[in-house]
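Read the structure below first, then the notes.
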Amino acid sequence: MGNSDNKQVNASRDETESRNETFYPGPSRIHLAAFPPKERWDDWTELDSQAWPRRKERHYSLVPTTCFNCESACGLLAYIDKATGEIQKFEGNPEHPGSRGRNCAKGPATLNQVTDPDRILYPLKRAGKRGEGKWERTTWSEALNTIAARIRKAILEERRNEIMYHVGRPGEDGFTERILAAWGVDGHNSHTNICSSGSREGYQLWMGLDRPSPDHSNAKVILLISAHLESGHYFNPHAQRIIDGKANGAKLIVFDTRLSSTATHADYWVAPYPGSEAAMLLAIANYLIQNNLYNREFVETWWNWKEYLSSESQESSFEFSDFEKKLKELYKEYTFEFAAKESGVEAKVIEEIAKLVSTAGTQFSSHNWRSVASGVSGGWSVARCLFFVNALLGAIATEGGVYPNAWNKFVPRPIYTPPHPKMWNETTWPREYPLSMNEMSFLLPHFLKDGRAKIDTYFTRVYNPVWTNPDGFSWIEMLTDPDLVGCYVALTPTWNETSYYADYVLPMGVGSERHDLHSYETHDSQWLGFRQPVMKALKQREGQDIKDTRDVNPGEVWEENEFWLDLTWRIDPDGTLGIRQYAESKKNPGERLGVDEYYEWIFNNSVPGLPEKAAEEDLTPLEFMRRYGAFEIKNKIGKIYDETVGAEELEDLNVDRFGRVFTRAAKTAGPNIVPIPSPDGDEVGRRLAGIKVGDTIKRGFPTPSGKLEFFSHTLKDWGWPEYAIPTYFKSHVHPDNLESDQTILISTFRLAVQIHTRSANAKWLNEIAHTNPLWIHPSHAQKIDVETGDLVRVETEIGYYVVPAWVTEGIKPGIVACSHHMGRWKLSEDGQRQFMATVKLDRDGTEWGLKRERGVEPFESTDPDTLRIWWKDAGVHQNMTFPVHPDPISGMHCWHQAVRVRAADTDDKPGDIFVDTEKSRAVYKKWLAMTRSADKYSPDRTRRPYWMLRPLKPAKEYYKLPEE
Ligand code: SF4
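End of the sequence shown sits at 965 in our numbering; the numbers just go up one at a time, nothing left out.
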């Protein structure tokens with residue numbers, strides 16, 4: 002091609018780009034010609050593929066909502082057929098700044114969840130014994146009145162600690178926490194300690210905020226620990242930006258013991274021994290330190306190195322050069338050879354990676370989510386050591402670096418903010434775990450069996466602990482004992498293993514049938530997404546008056562916002578308890594608050610720029626959000642820690658010897674209004690306003706020191722001085738802690754097309770993935786004489802499960818892996834027939850067995866596809882055979898198991914499970930004994946450091962331990 006041809010091509014490319022820019026300048030600012038332009042969302046025309054070769058047009062109304070099939074909250078567009086009035090499909094919403102019109106397979110599968118023939122459509126009440134499988138239909142009014150009366154009684158009798166709301170995927174920012182606060186109940190319980198607490202703890206220790214927001218698109222080097230391209234955290238929004246980064250020339254390094262889809266895209270894939278990642282990261286850090294390749298100015302200004310030196314000596318003034326010498330000394334043992342010995346990765350490969358990392362400067366993006374941080378004891382230190390590398394390079398809140406999550410997130414102020422609960426719930430926040438990242442949720446059956454508490458009313462929402470948690474049989478024992486749990490209410494769109502033990506099963510809407518607000522750290526921006534019931538939004542667009550989502554949802558399916566407001570109203574019908582006021586309309590006092598008013602108030606009052614933007618299109622803010630589903634508040638947030646604190650915040654100052662500036666002035670609204678944890682103030686009650694840098698006062702980080710905490714006074718003061726700085730230590734599955742015939746089972750990896758416990762009603766996803774064989778390396782398989790498809794027994798500390806082997810080189814030799822998602826089961830016909838095997842449970846005292854009676858089969862239903870089901874397998878429910886392993890610091894359940902793997906016995910069948918819950922109790926007690934309780938170690942007689950994050954923080958005085 003000659004120069005003139007090149008010019009022509011370039012000219013035509015410019016024209017196309019300029020045309021696209023004019024044609025569709027959506028918030029993502031990328032080539033969007035493939036997406037329906039928003040101007041045509043009222044009548045979008047496509048040809049009907051099923052009518053081919055005829056050209057038959059279908060006309061759609063396009064209504065945005067947000068996917069609820071993972072935490073990413075990608076935008077979806079519902080294509081509602083104008084002729085049938087039904088949703089034909091879901092595709093990406095190009096107006097959504099996080100997902101930019103793109104989705105993974107789980108987004109479009111929302112349609113399967115809407116049309117699922119097995120979904121629960123009406124409120125049900127238990128008719129037989131708990132778990133017997135007998136149900137009768139009831140009304141919403143009966144269910145609400147009964148539950149409200151129980152809660153009211155518990156509140157009046159000062160049994161508030163007996164009310165518990167246990168949530169898996171929240172999918173919203175604070176609505177339900179505020180409902181609990183309105184009730185004055187410290188009853189929030191989350192699944193986070195079986196999910197991501199390990200990583201969160203590591204990040205929080207450094208920066209006071211618990212999640213990173215990596216700017217992958219602009220990075221030079223990306224280092225990932227876990228499978229971010231196929232699952233991981235903020236899966237699709239991050240995955241597309243990792244690919245953008247690669248397209249821009251970034252090098253991708255992946256640490257993963259298993260060959261994940263992410264690893265297949267890597268420039269460097271290393272498969273370390275699980276739990277050794279921190280040793281490798283410290284070797285990289287050591288290389289930067291010993292060769293003076295770190296960002297000196299950043300470290301000197303923003304690390305709390307003075308506090309470290311002051312804890313080590315009696316001197317009162319310190320030189321940075323002293324710290325540098327000390328740093329070299331502290332980390333010199335972390336050589337490449339040491340890391341190689343721990344990880345099994347060659348020293349020269351680790352060295353090559355370290356050299357590559359050193360070239361990134363401030364454009365080093367990294368992320369550790371779940372994976373090893375959720376797998377091993379001390380997993381939190383992996384995230385801490387990873388962020389150590391960022392902190393050395395100064396790659397924090399820089400283009401191509403990593404931002405603290407709260408700075409890339411926007412949580413608007415709601416219509417009501419009830420006060421902090423005046424109580425402390427020891428069942429979820431026990432004294433043994435004062436530094437735990439989240440509630441000790443997975444220990445609940447053990448705490449109740451210990452006699453520490455009982456529960457009057459227990460809600461689960463988007464949560465299935467019998468199946469999801471370790472030690473599921475202990476959950477069944479708890480739920481079937483009415484002396485431990487008085488009334489169990491399952492809020493769920495679908496049947497699940499836990500809902501079988503409920504007293505009420507209440508049908509909730511899926512992602513396109515409910516309202517929620519959310520905002521996540523997908524990149525350096527702040528956006529707000531609006532999940533909405535699409536049929537309601539369409540009918541309102543057409544001028545109809547729809548007040549209640551039950552009027553547009555299938556059967557009597559409701560949305561949780563309306564449910565919680567209604568329940569709150571009924572708990573305090575005359576307002577005498579002071580609760581009703583938080584569920585009352587401001588526009589029409591005396592009437593219950595409706596969701597339209599709730600969101601209208603937020604969009605009118607709390608989202609900067611939205612009213613003006615809406616007015617440009619002659620829309621109200623609520624109409625704007627109903628029409629487009631998302632709004633970008635600000636792009637390019639930058640270094641909030643480096644901003645100068647305004648003079649209005651500086652009053653009655655006190656500057657301490659570490660440069661911390663305390664003030665009496667109230668905090669002004671900062672650049673975002675995400676609730677940021679408050680570091681403790683000084684002794685006379687001033688709050689930490691910032692950090693003195695030269696002559697100016699900078700905002701700093703929300704840590705006790707106001708800086709990045711290389712040195713954690715908190716760990717030192719609360720009984721863990723050996724971990725006061727980033728370090729590596731041997732995990733519960735370190736080779737030194739295993740017996741010679743044991744290996745490690747990795748049980749946490751996810752499949753890109755499955756949704757934890759919620760994809761049982763997504764037929765497209767189930768057809769793609771419906772089994773979870775045991776990954777085993779050929780050398781290992783040969784040793785135990787098994788081939789692909791042969792059954793193996795995996796023996797844990799409390800029992801065993803039986804599963805087919807999959808012999809593959811995609812796993813480190815000697816380690817085995819089995820994905821979660823699978824092994825769904827039902828006891829009768831009530832269940833998700835396309836994904837659940839029918840099983841029989843046997844119990845003999847504390848010994849439990851689960852055997853599969855029938856696999857998945859085709860069946861007749863309103864969906865002809867259910868007759869086309871060709872798969873029988875449903876995988877194995879391995880989590881039931883795992884005891885609880887609470888990390889004594891982060892509280893994270895350490896998922897990796899020390900197991901024995903052998904060929905199955907001749908009468909073993911796929912999916913067989915055996916467990917002895919007496920052994921579960923023994924393991925629980927063993928791990929509990931490793932803790933360092935606030936009773937003994939609290940430096941100030943509080944239950945927990947006040948600065949640390951906590952959902953639904955109680956009032957500060959309730960942090961105090963009771964007087965002995
Ligand atoms: S990544 Fe997939 S499942 Fe998650 S929100 Fe986006 S489309 Fe939905």
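In this text, a Cβ means the ideal position worked out from N, Cα and C, and glycines have one as well.
Would you mind stating whether residue i and residue j have Cβ atoms separated by less than 9 angstroms?
i, j, result
"V358", "L394", "yes"
"W719", "S939", "yes"
"A182", "P413", "no"
"Q241", "R101", "yes"
"I634", "L518", "no"
"T493", "R462", "yes"
"T550", "R593", "no"
"R687", "T715", "no"
"D806", "T789", "The displayed chain sequence assigns Ala, not Asp, to residue 806. It is a contact, given that the beta carbons lie within the stated cut-off."
"K415", "S586", "As written in the sequence, residue 415 is Pro, which differs from the Lys given in the question. The answer is no: Cβ separation not under 9 angstroms."
"N287", "Y235", "no"
"E178", "H167", "no"
On the DSSP bridge list, what partners appear for residue i?
i, result
"T461", "H167, A491"
"P952", "In the DSSP output, where bridge partners are listed per residue, P952 has none listed."
"K827", "T839"
"E47", "R59"
"V804", "V793"
"D917", "E848"
"L225", "V255, H368"
"G76", "T67"
"W559", "M509"
Do you know offhand how far residue i's Cα is from residue j's?
i, j, result
"H757", "G630", "25 angstroms"
"L224", "V255", "6 angstroms"
"K961", "W184", "22 angstroms"
"S198", "Y599", "31 angstroms"
"G402", "E308", "26 angstroms"
"S367", "S679", "26 angstroms"
"R945", "I812", "40 angstroms"
"L752", "M823", "10 angstroms"
"G1", "A392", "The structure shown does not extend to residue 1, since the chain spans only 2 to 965, so no value can be given for it."
"P483", "E158", "19 angstroms"
"W765", "V795", "30 angstroms"
"N636", "I745", "44 angstroms"
"H580", "P574", "According to the sequence provided, residue 580 is Ile. The question's His does not apply to it. About 9 angstroms."
"A279", "Y295", "18 angstroms"
"T258", "N406", "27 angstroms"
"F711", "E301", "11 angstroms"
"P672", "L611", "Residue placement at P672 is flagged as unreliable, the pLDDT there being 49, under the threshold of 50; the coordinate-derived value follows with that caveat. Spanning the two alpha carbons is a distance of roughly 16 angstroms."
"R30", "A74", "Reliability fails at R30, whose pLDDT of 49 lies under 50, so the model's placement of it is uncertain and the value that follows must be treated cautiously. Using only the alpha carbons, I get a separation of about 19 angstroms."
"R201", "W381", "7 angstroms"
"Y332", "T907", "53 angstroms"
"R41", "V115", "25 angstroms"
"T1", "C819", "As displayed, the chain neither begins before 2 nor continues past 965, which places residue 1 out of reach and without an answer."
"S520", "R170", "14 angstroms"
"Y801", "G473", "13 angstroms"
So residue i packs on residue j, CB below 8 angstroms; how close in whole Å?
i, j, result
"N194", "E440", "6 angstroms"
"D245", "N409", "D245 to N409, Cβ: 16 angstroms. No contact."
"R131", "Y502", "5 angstroms"
"E768", "T847", "Their Cβ separation, rounded to whole angstroms, is 39 angstroms, which puts E768 and T847 out of contact at 8 angstroms."
"W776", "T809", "6 angstroms"
Taking contact to mean at least 3 C-beta pairs separated by less than 8 angstroms, is the segment 358 to 368 in contact with the segment 256 to 269? no
Count the CB pairs spanning the segment 934 to 948 and the segment 896 to 904 that are closer than 8 angstroms, and state whether there are at least three. no
Any chance the segment 464 to 471 sits against the segment 493 to 503, with 3 or more Cβ pairs inside 8 angstroms? yes
Using 8 angstroms as the threshold, is the segment 266 to 285 in touch with the segment 339 to 348, meaning 3 or more CB pairs across them? yes
Could you check whether the segment 500 to 513 touches the segment 111 to 128, counting it as contact only if at least three pairs of C-beta atoms, one from each stretch, sit closer than 8 angstroms? yes
Check whether the segment 634 to 654 and the segment 694 to 702 touch, using three or more Cβ-Cβ pairs below 8 angstroms as the test. yes
Count Cβ pairs between the segment 312 to 324 and the segment 373 to 390 that sit closer than 8 angstroms; are there 3 or more? no
Three or more C-beta pairs closer than 8 angstroms, one from the segment 728 to 745 and one from the segment 827 to 840: is that the case here? no
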